[in-house]
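In the working numbering, the protein residues as written are 194 to 316. Report on the following structure.
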């Protein structure tokens with residue numbers, strides 16, 4: 194499986210089914226093409242997607258295209274990561290996060306297990 198196939202491109206039409214009705218937790222990366230932190234957080238998110246494959250679903254939502262969802266979830270800065278579980282917002286992080294901190298949040302609160310617990314800091 195390639196890195197790109199582990200991520201779902203989220204849109205307003207598929208958000209309900211892919212995120213709110215998902216049977217497993219979903220981490221949504223609210224992003225924008227002009228975001229300068231993209232290169233910094235991208236390796237952390239891709240690492241987490243590999244480590245938590247099958248336990249957490251990962252999706253990206255471009256706020257420029259899905260403006261109503263950005264407003265609904267009060268996205269004021271990017272990147273903003275929101276973890277949904279059973280349709281509810283469980284965790285929210287704005288800005289950069291280390292892989293170790295992201296792994297810890299997923300493991301401790303949602304009882305999922307990472308294949309790789311090595312600390313890789315956000316650049």
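Glycine included, C-beta positions come from ideal geometry on N, C-alpha and C.
Over the uninterrupted beta strand (DSSP E) stretch that includes residue 221, give me the two end residues. 219-224
Enumerate in chain order the residues of its own chain whose CB-to-CB distance from residue 202 is below 7 Å, with the five nearest sequence positions on each side excluded. 253
Please report the straight-line C-alpha distance between residue 300 and residue 213, rounded to a whole angstrom. 21 Å
Going by other Cβ atoms of all chains shown within 10 Å of its Cβ, with 16 needed for buried, is residue 211 buried or exposed? buried
At the level of alpha carbons, what is the spacing between residue 237 and residue 245? 12 Å
Considering only the beta carbon of each residue, do residue 251 and residue 242 sit closer than 8 Å? yes
To the nearest whole angstrom, what separates the beta carbons of residue 276 and residue 218, a pair I think is in contact under 8 Å? 6 Å
List the endpoints of the continuous alpha helix (DSSP H) containing residue 205. 205-208
For residue 224 versus residue 255, is the C-beta spacing smaller than 8 Å? yes
Bounding residues of the alpha helix (DSSP H) (the contiguous stretch that carries residue 237): 231-244
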